[in-house]
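K.L.:
Heads up, the working numbering is the position in the sequence shown plus 15, with the first residue counted as 1.
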Amino acid sequence: MSIYKIVLLSGLVFFSCKKEEKKADNAKTTPQTEQKALKVDGIIAHEEITTGTISTTGTIIANEEVEIKSEISGKITGVHFKEGTFVKEGQLLVKLNDDDLQAQVRKLNIEIKMAEEKEGRMKQLLAANAISKEEYDVQLTSLNLLKANVDIIKVDISKTRITAPFSGIIGFKNVSPGAILSSSTVIASIQNTQPLKLEFSIPEKYNNLIYQGTIVDFKVAGSNIINKANVYAKEPKIDQNTRTSKVRATFSNPGGKLFPGSFAEINISVGEKTKVKMVPTIAYIPDISGAKLFVKRGGVAVSVPVKAGIRTEKEIQILEGLNDGDTVIVSGILQLKPKMPVEVNIINQAQ
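#1: Evaluate contact between the region 334-352 and the region 318-326, counting only Cβ atoms and requiring at least three cross-stretch pairs below 8 Å.
#2: For Y247, does the three-state DSSP call read helix, strand or coil?
#3: Rounded to whole angstroms, what is the Cα-Cα separation between E219 and S70?
#4: Distance, Cα to Cα, G237 vs S318?
#5: Assuming G135 is part of the alpha helix (DSSP H), what are its boundary residues?
#6: Could you have a look at L349 and say whether DSSP puts it in helix, strand or coil?
#7: Looking at the strands, I want to know which residues DSSP matches up with T72.
#8: Rounded to whole angstroms, what's the CA-CA distance from E358 to G305? Just pull it up for me.
#9: If we ignore side chains and look at the alpha-carbon of each, how far apart do Y221 and K307 end up?
#10: Could you check if M129 is buried or exposed, using at least 16 other CB atoms within 10 Å of its CB as the buried criterion?
#11: Residues in its own chain within less than 7 Å of I217 by CB, not counting five upstream and five downstream?
#12: Which of helix, strand or coil does DSSP assign to E358?
#13: Give me the residue from I172, L213 and Q206 with the minimum Cα distance to Q117.
#14: Between A203, P269 and S198, which lies nearest to S88 when the distance is taken from Cα to Cα?
#15: Would DSSP call Q154 helix, strand or coil?
#16: Report back the beta-carbon spacing between G73 and E214 to the nearest angstrom; my notes put them in contact at under 8 Å.
#17: Have a look at P353 and F309 and give me their C-alpha separation to the nearest angstrom.
#18: By Cβ distance, which residues of its chain are closer than 7 Å to E126, with the 5 residues on each side in sequence left out?
#19: Would DSSP call L337 helix, strand or coil?
#20: Smallest Cα separation from G340: which of K292, L53, Q154 and V153?
#21: Give the secondary structure of V28 by DSSP, where H, G and I count as helix, E and B as strand, and everything else as coil.
#22: How far does the beta strand (DSSP E) with L224 in it reach, from first residue to last?
#23: Please say whether A244 and T265 have beta carbons closer to each other than 8 Å?
#24: By the DSSP assignment, the beta strand (DSSP E) with A264 in it spans what residues?
#25: Just list the residues that DSSP pairs F96 with in beta bridges.
#26: Going by alpha carbons, who is nearest to K97 out of A203, E82, Q350 and I91?
#27: Sorted by chain position, which residues of the same chain lie with C-beta nearer than 8 Å to K290's C-beta, five sequence neighbours on each side aside?
#28: Under 8 Å, do T92 and L111 count as touching if we go by C-beta distance?
#29: Would you please state the rounded distance, in angstroms, between the beta carbons of F181 and N207? I believe it to be under 8 Å.
#30: Look at the alpha carbon of I10 and the alpha carbon of V235, and state the distance between them as a whole number of angstroms.
#31: Do you know how far the Cα of I300 is from the Cα of T44?
#32: Smallest Cα separation from G193: which of V170, N239, V109 and I146?
#33: For L107, I'd like the list of residues in its chain whose CB is within less than 7 Å of its CB, leaving aside the five on either flank, ordered along the chain.
#34: Would you kindly work out how many angstroms separate the C-alpha atoms of K169 and G105, rounded to a whole number?
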């Protein structure tokens, strides 16, 4: 190889090495591409002065409700009610076959008649000292046992008549004539809807503000009519899991326009003003380790643990964990991760 070729190859190798070193230096000095900020909506947390009203939700329940079942098994001989109609207390609903029980009563009545005649004769013999007191007592006991057996069978006969335990609206029937009814079969359900009850829960901090006689305003889905209920009872303890107290109120139901199971939005005037922080329910994240919110701090999303209070259909009260002026993220919750850059569009203004 000539000296010229050796010099040329050496130059190419040197130039290539310098080029690679320059690329490496550029890679070190070039900043990494920043993570793109997620665009989300947010609100500025602030305390609001309430007008002395507790807002919560509840459920309408029947004044009385029961599933009708038979105490004994037997063949159905008749169903004596129409579905969805009003039935009175004591009204016959279902009749079971009692032929065998009636036959047993007739048989026992014959035995009782014979035992009574024998007891009468032995009573005369006892008076004449022809038999001992013990012999007479045996016969009298036998007679009384027969009468007791009749009473037992008559109780079973009464159980073949299944009647309404109270007045109310009866639902769909689950049995038909000719079927064998067992004690576990639900014949139908009865709802007493005059009056109705309203069941709801309140946070423990408001427990002393609700008492017997407190007036509750509520409305049901699909209606703007404000109904009123009267608190008649409150659970004597606070639920340790939810830190709430269960309350029940009662109200009249003219025309039967309201139904058990309906969802109710509730407002209760408690006569004093309080400061609360409310956030949209969509921002509230329940978790096994505790509830949390995402707030913006230093341009990134930060998860903060919180304690909740009153919950409405759209908002939830935050009792602990949220400061005035915090930017609470209310959209894109499923995409958020701690320390993720965010660009927040504020949709409210602190007052």
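Where is the CB? At the ideal position from N, CA and C, for every residue including glycine.
P.N.:
Here's the rundown:
#1: yes
#2: strand
#3: 14 Å
#4: 37 Å
#5: D114 to A142
#6: helix
#7: E280
#8: 26 Å
#9: 23 Å
#10: exposed
#11: I69, T71, I225, T259, S260 and V262
#12: strand
#13: I172
#14: S198
#15: helix
#16: 6 Å
#17: 8 Å
#18: L161
#19: coil
#20: K292
#21: With a pLDDT of only 44 at V28, under the threshold of 50, the placement of this residue in the model should not be trusted, and no figure is reported.
#22: Where L224 is concerned, there is no enclosing beta strand (DSSP E), given that its DSSP letter is neither H nor E.
#23: yes
#24: T259 to F266
#25: Bridge partners of F96: none, in fact.
#26: A203
#27: E62, E63, I64 and T65
#28: yes
#29: 6 Å
#30: Here the chain covers residues 16 to 366 and nothing more, so residue 10 does not appear.
#31: Because the pLDDT of T44 is 45, which lies under 50, any placement of that residue in the model is unreliable, and the number read from its coordinates should be weighed accordingly. For T44 and I300, the distance between alpha carbons rounds to 41 Å.
#32: V109
#33: H95, R176 and T178
#34: 18 Å
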